[in-house]
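Residue numbers (my numbering), protein chains in the order written: chain L, 43 to 400; chain P, 43 to 400; chain E, 276 to 602; chain C, 276 to 602.
No residue lacks a Cβ here, since even glycine has one placed at the ideal position from N, Cα and C.
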Amino acid sequence: MLSEQTSPNNPETNSRPAGSAENDAGPPTLNDNDLLEMYRTMVLSRVLDQRIWQMNRQGRAAIVASAQGHEAAQVGAIRALDPERDRFYIYYRELTTMLALGITPLELLLGFLAKDGEPLSGARQFPLHGAIDRQRCDIVSFSNVVATQLPQAVGVALADKMRGEKRVTVAYFGDGASSMGETHEAMNFAAIHRLPVIFFCENNKYAISVPLAQQMNIESVATRATAYGIPGIEVNGFDPVAVYEAVGAAANRALAGDGPTLVEAVVERFLPHTSDDDDTRYRPAEDLEGIRDLDPIPATEKLLRASGALDDALDQEIKSAAQKIVNQATEDAENAPFPEPHDFYDQVYAPGSPGDQS
Amino acid sequence: MLSEQTSPNNPETNSRPAGSAENDAGPPTLNDNDLLEMYRTMVLSRVLDQRIWQMNRQGRAAIVASAQGHEAAQVGAIRALDPERDRFYIYYRELTTMLALGITPLELLLGFLAKDGEPLSGARQFPLHGAIDRQRCDIVSFSNVVATQLPQAVGVALADKMRGEKRVTVAYFGDGASSMGETHEAMNFAAIHRLPVIFFCENNKYAISVPLAQQMNIESVATRATAYGIPGIEVNGFDPVAVYEAVGAAANRALAGDGPTLVEAVVERFLPHTSDDDDTRYRPAEDLEGIRDLDPIPATEKLLRASGALDDALDQEIKSAAQKIVNQATEDAENAPFPEPHDFYDQVYAPGSPGDQS
Amino acid sequence: MAEMTVIEAVREALREEMERDPAVFTLGEDIGARGGVFLATEGLIEQFGAERVIDTPLAEASIGGVALGAAVNGMRPVAEIEFGDFIWPAVNQVIGEAARVRYGTQGRRSAPLVLRVPYGGGVRGGLFHSQSIEVAFAHQPGLKVIAPSTPYDAKGLLKSAVRDDDPVIFFEHKRTYRLVKGDVPNGDYTIPIGQADVKRAGSDMTVVSYGLVMHYCLEAAAALAEEGVDVEVVDLRTLRPLDTDTVLESVRKTSKAMVVHEDTKAIGIGGEIAAVIADEAFEDLDAPVKRVAGPEVPAMPFSPLLEAEFMPSAEKIATAMRELAAY
Amino acid sequence: MAEMTVIEAVREALREEMERDPAVFTLGEDIGARGGVFLATEGLIEQFGAERVIDTPLAEASIGGVALGAAVNGMRPVAEIEFGDFIWPAVNQVIGEAARVRYGTQGRRSAPLVLRVPYGGGVRGGLFHSQSIEVAFAHQPGLKVIAPSTPYDAKGLLKSAVRDDDPVIFFEHKRTYRLVKGDVPNGDYTIPIGQADVKRAGSDMTVVSYGLVMHYCLEAAAALAEEGVDVEVVDLRTLRPLDTDTVLESVRKTSKAMVVHEDTKAIGIGGEIAAVIADEAFEDLDAPVKRVAGPEVPAMPFSPLLEAEFMPSAEKIATAMRELAAY
Ligand SMILES: Cc1ncc(C[n+]2csc(CCOP(=O)(O)OP(=O)(O)O)c2C)c(N)n1
Ligand SMILES: Cc1ncc(C[n+]2csc(CCOP(=O)(O)OP(=O)(O)O)c2C)c(N)n1
Ligand SMILES: [Mg+2]
Ligand SMILES: [Mg+2]
């Protein structure tokens with residue numbers, strides 16, 4: 043545990059207000075190799091993220107929502123889950139999640155450049171939107187509309203439960219999404235039916251420009267769990283191991299038939315909301331001061347070095363491998379063509395079905 | 043206090059989870075005369091309600107949602123408020139509220155019979171829907187759509203706050219409405235801006251046929267207050283004085299600028315959801331057994347008799363006065379004509395404004 | 276064959292589909308023990324249990340969203356929206372999301388859900404229990420929209436809807452539920468989505484309609500027949516995709532056309548049909564395409580004389596037919 | 276007079292109305308310090324304070340509902356929906372409630388709110404930042420719906436919207452925000468709601484349009500002029516109530532008509548205009564009324580060639596004009 047990092051939110055709310063999960067078994071303890079692998083993914087994510095941001099600034103990528111600051115939370119969560127078993131209803135800030143689930147930097151870059159062969163929507167949608175082939179991994183992000191994935195994830199879990207399949211569905215969302223009515227309805231429904239859902243909130247304390255205090259009159263999104271009689275766990279999202287443990291416990295609960303859990307990973311958004319945003323308009327400089335000092339990537343590096351799992355050579359290898367992968371992916375993505383409109387009318391309706399114009 | 047009545051819900055939830063209101067001054071203590079007046083209104087409401095139900099059964103009234111079982115909660119709440127100062131965003135089960143606010147049985151009957159002169163919508167809408175002339179009393183119920191009144195009431199209170207007017211807006215709703223996303227959004231918004239709103243939930247434990255356990259995974263709607271950092275008070279809705287006190291404290295908070303309160307009055311629905319409903323399909327006979335023994339109207343009568351404020355003669359006077367008023371109102375309402383469509387195109391738009399076809 | 280009402284036909288279709296395919300289930304408010312406020316699901320919870328007949332909280336956005344999620348994950352949910360007037364909280368999931376699932380994933384996912392929506396007036400429902408709300412859905416590519424008028428069509432089309440691989444909005448006119456009776460085959464049959472039906476053949480004019488008022492068109496056509504005017508009545512049955520072929524074929528024969536619907540007139544189904552006719556049958560038309568529709572007020576009022584003022588009646592339709600015949 | 280963009284015109288109208296009337300305030304996501312994601316409200320919080328420029332939580336249903344409540348209680352809220360694509364959670368309060376407040380209370384209450392809605396594509400917004408969503412609103416009696424295309428119209432119509440006593444949906448095409456410039460008078464002026472505007476006079480055909488593609492119609496008309504075809508371009512400006520008088524007057528003069536919009540074709544604004552023309556100008560028409568509109572796919576895709584495939588361009592419009600001219 044990166045215990046020297048403390049959550050910026052009120053630690054009191056790190057309780058489990060109702061339907062306590064305290065008796066649930068946690069996930070297996072992570073060893074140094076596990077953490078090393080998580081570190082590798084975080085580094086790759088950061089390098090790729092920086093590249094995409096840079097390409098946007100050069101006019102080569104249309105729009106980017108950066109995951110910088112969210113990497114530890116995302117990699118920690120996936121570590122506690124099973125990519126083949128579980129289902130991932132993500133939102134747009136899940137670059138690290140995607141990498142951790144095996145989507146390649148090239149595939150992701152095809153999305154950011156809106157190129158042919160983009161694996162989620164064929165570049166019909168924004169980067170990271172659409173769905174990955176189900177046989178490969180059940181990653182879904184149907185739309186840019188905030189919070190719609192929450193009731194959908196609940197329906198997905200309902201279907202699994204009806205068929206007796208033991209799987210966890212994770213609904214990813216931000217603090218901003220917690221204000222939407224659909225979030226309330228989703229949590230309420232899942233709680234009533236004890237569905238195997240993890241509501242995974244990445245609280246970076248901003249909905250674009252709107253700070254937490256103007257979004258809610260409480261300190262922690264996890265508090266909301268009380269309203270549904272489910273466990274709510276606030277965890278430091280800069281600590282990948284703490285997130286792993288919280289999500290692991292929630293997954294165990296879900297698989298045991300004990301219903302949903304609300305996990306809130308408190309993180310920071312290191313960059314503006316998206317590349318279209320200018321956060322100097324609204325974000326006080328103090329707000330970011332010191333926050334980058336808590337950056338989970340160097341912190342994890344330090345921890346691994348302290349335990350002897352990482353030395354200069356290995357760290358160098360990890361970082362230059364990431365650079366190399368991203369460089370190659372950039373080149374390949376830039377060389378890829380834009381999709382031609384030859385299948386423009388495909389998949390409006392099922393092939394051959396009434397209304398199909400393909 | 044009718045302290046021999048206990049709330050059927052978990053008394054533990056009768057706490058004030060967050061932003062405690064315990065320091066707020068309560069309203070002035072009620073004397074026997076006050077209670078007598080409340081009793082009078084409850085009796086009138088019951089007689090009128092029974093009459094309308096009967097007329098529906100005879101095919102003379104189109105549809106009725108009965109307030110029977112809700113009278114004590116409704117009369118208790120209005121007692122703590124100021125009909126001239128405050129604003130009432132009601133829902134369809136507020137017959138007693140309407141009477142307590144001075145709307146006459148004849149006016150209400152014109153609504154149930156869809157007759158000309160109906161004071162809320164000119165019988166364009168269901169009974170109890172529309173709005174009372176503002177100069178008379180700010181009672182509003184724009185639609186039959188459950189929970190829409192909650193964000194509206196919040197906007198109403200926002201306007202009062204912006205203009206510096208000291209008024210309370212009460213948003214009435216049922217347990218069923220608590221599941222709607224708009225309820226979440228309304229409470230969240232009001233809490234952030236500390237608006238002078240009372241969220242008054244009449245929890246009769248059914249949304250038409252759906253019992254509480256299938257609506258939520260918690261025992262008490264008041265628990266939800268925690269999610270907004272506002273006080274949540276559960277109160278026995280068969281006890282008009284307890285409701286008066288809870289609403290009075292909430293009104294004081296609102297007027298003092300301390301923001302919204304969620305008050306949950308636990309009541310019973312003595313009759314089917316509406317006259318269109320058949321509750322034998324879903325409501326176990328046990329469910330209603332014994333509940334009528336707790337009927338707040340005879341209980342209040344007993345209390346008033348015990349204190350000497352009521353004797354046989356006065357009780358007789360109150361009950362026959364109610365009968366007489368309702369009989370006369372029935373006759374007048376039945377004799378009233380249906381509205382002719384001569385103003386059918388009026389008030390689609392403001393008179394003279396683009397689109398006005400009147 | 277058995278004579279039944281529209282509501283019975285809906286119930287039978289639902290029951291048979293649930294018997295046929297274990298992936299079919301239904302969810303909505305009061306559909307369990309209550310059997311639905313119109314009794315469309317009466318008896319289903321007894322037969323299939325509370326796992327497949329789910330009473331939801333009062334929360335339409337989650338009804339839409341949960342149905343969508345379950346559909347994407349291999350089930351065939353049939354969600355009931357209690358009244359069409361209350362569908363708005365669900366449209367974010369239906370018009371916003373479900374309609375774009377297949378297109379937006381390039382076919383990697385689909386959303387085979389059915390939304391059953393009782394709609395329409397003439398039931399003393401007032402402003403909030405009478406609305407025609409089909410336009411917002413029928414306008415949206417990616418959705419299929421059905422609005423049957425008879426028990427036969429209701430059963431056959433609901434079965435097609437359940438088996439369809441795309442999201443289908445299935446509008447059931449409340450007034451037809453018990454009013455309209457007709458012969459319905461026992462057991463399984465389907466009616467293809469996207470095909471209009473000539474409910475009355477005629478040679479003098481084409482009247483295109485759907486839902487409750489289609490029956491009023493037939494009544495009016497009968498009256499006109501006695502006056503020597505032979506009216507063809509086309510029942511659209513599906514509002515998306517529209518079967519303009521059947522409509523145009525009829526108009527090319529009759530050379531005169533009228534569209535009738537209960538919903539308000541402007542920017543609606545009638546405008547589309549009229550525009551298609553006026554464009555593609557331009558050379559065949561002997562008269563302008565007329566429309567009879569609900570008036571431009573926000574919804575149907577409650578009081579009986581006001582309600583009657585709103586509703587296109589057989590008389591109002593017959594009057595318009597006479598005018599068109601005389602053009 | 277000053278040359279300004281559409282976004283500047285919107286901002287100026289809003290600022291002047293807030294200066295004029297203390298009851299006017301604005302609410303929405305990121306409209307405070309951020310100045311709105313399109314900067315429509317830039318500088319307003321500095322001038323009017325956080326009480327009158329309210330950053331809301333991310334919750335459109337409450338934006339609609341709170342605005343409605345404040346409007347009913349004497350204020351003049353101008354709510355911003357961040358993108359039209361995200362308006363669906365608010366329609367229960369807007370289409371369901373606000374549109375019926377006046378009618379349903381027999382005028383005892385009114386709802387003078389404005390919903391400002393950036394909409395439309397051509398901005399590389401993909402399926403969920405490009406939608407045209409005007410039909411569901413324009414279909415609803417009780418609402419007024421505006422869709423200006425120029426800075427001059429935007430300022431004058433937004434002022435009229437703020438002063439109007441009924442709920443107004445004010446659609447601002449995102450692509451016009453910075454693309455379209457024009458002269459705008461300094462200070463106060465209004466443009467009446469419900470009046471179309473002839474943006475180019477011509478004698479050979481009438482082209483009816485609105486929003487971004489109205490400019491493409493003007494471009495195409497300029498091209499056609501060089502080919503000897505004189506096109507009249509009518510900018511609807513208001514989508515409810517529709518100014519059919521201006522449209523019909525033009526068509527009676529030109530005898531040929533076409534409707535152009537970016538939104539998908541079926542059951543939309545174009546159908547209504549075409550139906551009205553085909554009905555009321557039946558005897559004057561020399562050719563069928565044609566429509567150029569977005570294709571029947573769920574929304575505008577993201578990748579550039581796909582986006583271009585969706586969008587009606589000046590070239591596509593010119594081609595259609597040539598065909599109509601040759602009819
Ligand atoms: C329903 C809806 N409203 C508004 C938006 C515009 N929008 C996109 S992201 C965003 C902020 C989301 O904040 P949060 O949920 O905290 O996620 P974060 O971006 O901070 O990770 C907003 C307002 C949207 N996409 N959907
Ligand atoms: C949004 C919406 N969905 C469904 C309905 C149909 N409906 C009317 S009342 C009701 C139950 C309301 O229950 P509750 O809020 O507990 O109030 P009660 O009738 O018990 O007093 C339902 C489902 C509606 N009016 N609005
Ligand atoms: Mg955030
Ligand atoms: Mg109830």
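In the structure shown, K531 of chain E falls within a coil segment according to DSSP collapsed to helix, strand and coil.
About 5 Å separates the beta carbons of V535 of chain E and C492 of chain E, which is inside the 8 Å limit, making them a contact pair. Counting along the chain, G153 of chain P sits inside no beta strand (DSSP E); it lies in the alpha helix (DSSP H) bounded by residues P147 to F154. Residue contact check for Q194 of chain L against chain C: no CB pair falls below 9 Å. The beta carbons of R166 of chain L and L432 of chain C sit no closer together than 9 Å. Residue range R351 to E355 is occupied by the beta strand (DSSP E) that includes P352 of chain C.
For S220 of chain L, the Cβ falls inside the 8 Å cut-off from some heavy atom of ligand 1.
Using a Cβ-Cβ cut-off of 9 Å, S221 of chain L is close to T331, P332, L333, A334 and S337 of chain C, given in chain order. Straight-line measurement puts the Cα of F154 of chain P at about 27 Å from the Cα of Q358 of chain P. For T451 of chain C, the secondary structure class from DSSP, reduced to helix, strand or coil, is helix.
With a threshold of 8 Å, the Cβ atom of E244 of chain L counts as near ligand 1, since some heavy atom of the ligand is closer than that. A straight-line Cα-Cα distance of about 24 Å links D440 of chain E and W363 of chain C. Rounded to the nearest angstrom, the gap between the Cα atoms of P297 of chain E and E326 of chain E is 11 Å. Listed along chain L, the residues sitting closer than 7 Å to F361 of chain C by beta-carbon distance are V187. For A114 of chain P, the Cβ stays outside the 8 Å cut-off from all heavy atoms of ligand 4.
Three or more Cβ pairs closer than 8 Å define a contact, and the region 312-328 of chain P meets that threshold against the region 243-250 of chain P.
Not a single CB atom of chain C sits nearer than 9 Å to the CB of V305 of chain P.
The beta carbon of Y452 of chain C does not come within 9 Å of any beta carbon belonging to chain P, so the residue lies off that interface. Per DSSP, N186 of chain L lies in no beta strand (DSSP E) segment and is marked neither H nor E. Interface with chain P (9 Å Cβ-Cβ cutoff): L499 of chain C is excluded.
DSSP, read as helix, strand or coil, puts Y394 of chain E in strand. In this chain, the alpha helix (DSSP H) harbouring N75 of chain P covers D74 to R99.
For the region 507-527 of chain E, the set of residues with a beta-carbon nearer than 9 Å to any beta-carbon of chain C comprises L514, R515, P516 and L517, in chain order. Per the DSSP secondary-structure output, L352 of chain P pairs with nothing in a beta bridge. For H235 of chain P, the three-state secondary structure derived from DSSP is coil.
Exclusion of the five residues before and after G144 of chain L leaves P125, R178 and C179 as the residues of its chain whose Cβ lies within less than 8 Å of its Cβ. Listed in chain order, the alpha helix (DSSP H) elements of length 4 or more contained wholly in the region 502-546 of chain C are 519-529. DSSP places A307 of chain L in the uninterrupted beta strand (DSSP E) bounded by T303 to V308. Bridge partners of K419 of chain C according to DSSP: C:V443. With distances taken between CA atoms, P573 of chain E lies nearest to E:D538 out of E:D538, E:L454 and E:I544. Annotation: the region 114-145 of chain P contains the following complete segments of the alpha helix (DSSP H) (minimum length 4 residues), in chain order: 137-142. DSSP places E278 of chain C inside the beta strand (DSSP E), whose first and last residues are A277 to T280. DSSP, reduced to helix, strand and coil, places T301 of chain E within a strand of the structure shown. Burial state of K540 of chain E is buried, judged by a 10 Å Cβ sphere holding 16 or more other Cβ atoms. In the three-state scheme derived from DSSP, where H, G and I count as helix and E and B as strand, R399 of chain C is classed as coil.
Within chain C, the C-beta atoms nearer than 7 Å to that of D175 of chain P come from R383, in chain order.
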